[in-house]
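Novice:
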Amino acid sequence: MSFSMVLVLLTGLVGTASAAKPISSSGEFTAAIDESSFSFTPVGANCQLVVSGKVTFSGTLQGTGDAVTTALVFAPCSEVGTTPPGTFRDVFSSDIEFKGTLEGTPVTAGIRYHGTVAPGGDINAVMNFSGGLRGSVKVDGEVAVGGVYNGKIVLK
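Each residue of the sequence shown is one higher than the one before, starting from 1 at the first, in the numbering used here.
(1) So if DSSP puts E142 in a beta bridge, which residue, or which two residues, is it bridged to?
(2) Rounded to a whole number of angstroms, what is the C-alpha to C-alpha distance between V148 and G131?
(3) Provide the residue span of the alpha helix (DSSP H) that contains S37, from first to last.
(4) Extract the residue ranges of the alpha helix (DSSP H) inside the stretch 48-132, only unbroken runs of 4 or more that lie entirely within it.
(5) For the candidate residues V145, S52, V139, whose alpha-carbon lies nearest to that of N152?
(6) Helix, strand or coil: which one does DSSP assign to K152?
(7) Buried or exposed: G135, going by 16 or more other Cβ atoms within 10 Å of its Cβ?
(8) Can you tell me which of S94, I123, L155, A144 puts its alpha carbon nearest to the alpha carbon of T83?
(9) Kindly list the residues whose CB is nearer than 8 Å to the CB of S39, restricted to its own chain and excluding five residues on each side of it in sequence; keep chain order.
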């Protein structure tokens, strides 16, 4: 078999790679907390809070995800444990196992949702995607309620 024949065969097998295009993504999400899962650990004068819950997405993303959130709340645990979420300023990170669709295409993905909570509960954050998705969306939300997302997501 000649070199040119092998090259033709390999070219047919390999094909051309196409880059996935970013999808403009926006929508809403709701957060439900499992109140029985709260744990509080003192960290100096502050409090590390851990809680489990579920996030439900609508819009470009449709589906749900189980979530575990860890927050460093800038108040003592004795106060954090007796007041509603969002009473004090905090920094948080949530790991979400998403199952659903992106523009109707089935997908599973990891989501790292992280940012800050202002006293009163306003959230300024981003969601970064891994697994079946990649990209990042900006989030404006309210602690223990949900919010809106907007950004670019790529289906892997």
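Even for Gly, the Cβ is constructed at its ideal location relative to N, Cα and C.
Specialist: Based on what the coordinates show:
(1) Working through the sequence shown from its first residue, we reach residue 142 at position 142. In the DSSP secondary-structure assignment, E142 is bridged to D122, G146.
(2) The residue labelled residue 148 in the question sits at position 148 within the sequence shown. The residue labelled residue 131 in the question sits at position 131 within the sequence shown. Using only the alpha carbons, I get a separation of about 22 Å.
(3) Here residue 37 is taken as the residue at index 37 of the sequence shown, counted from 1. Per DSSP, S37 belongs to no alpha helix (DSSP H) and is neither H nor E.
(4) Qualifying alpha helix (DSSP H) stretches, in chain order: 77-80.
(5) Start at 1 with the first residue of the sequence shown, and residue 152 comes out as number 152. Note on residue identity: the sequence assigns Lys, not Asn, to residue 152. It is V139 whose Cα lies nearest to the Cα of K152.
(6) Taking the sequence shown and counting its residues from 1, the one referred to as residue 152 is at position 152. Strand at K152.
(7) As a working note, residue 135 is residue 135 in the sequence shown. Around the C-beta of G135, 16 or more other C-beta atoms lie within 10 Å, and the residue is accordingly described as buried.
(8) Working through the sequence shown from its first residue, we reach residue 83 at position 83. Residue nearest to T83 within the set S94, I123, L155, A144 is A144 (criterion: CA-CA distance).
(9) As a first step, residue 39 must be located in the sequence shown, where it is residue number 39. Its chain contains L49, V50, V51 as the residues whose beta carbon lies nearer than 8 Å to that of S39, once the 5 sequence neighbours on both sides are disregarded; these appear in chain order.
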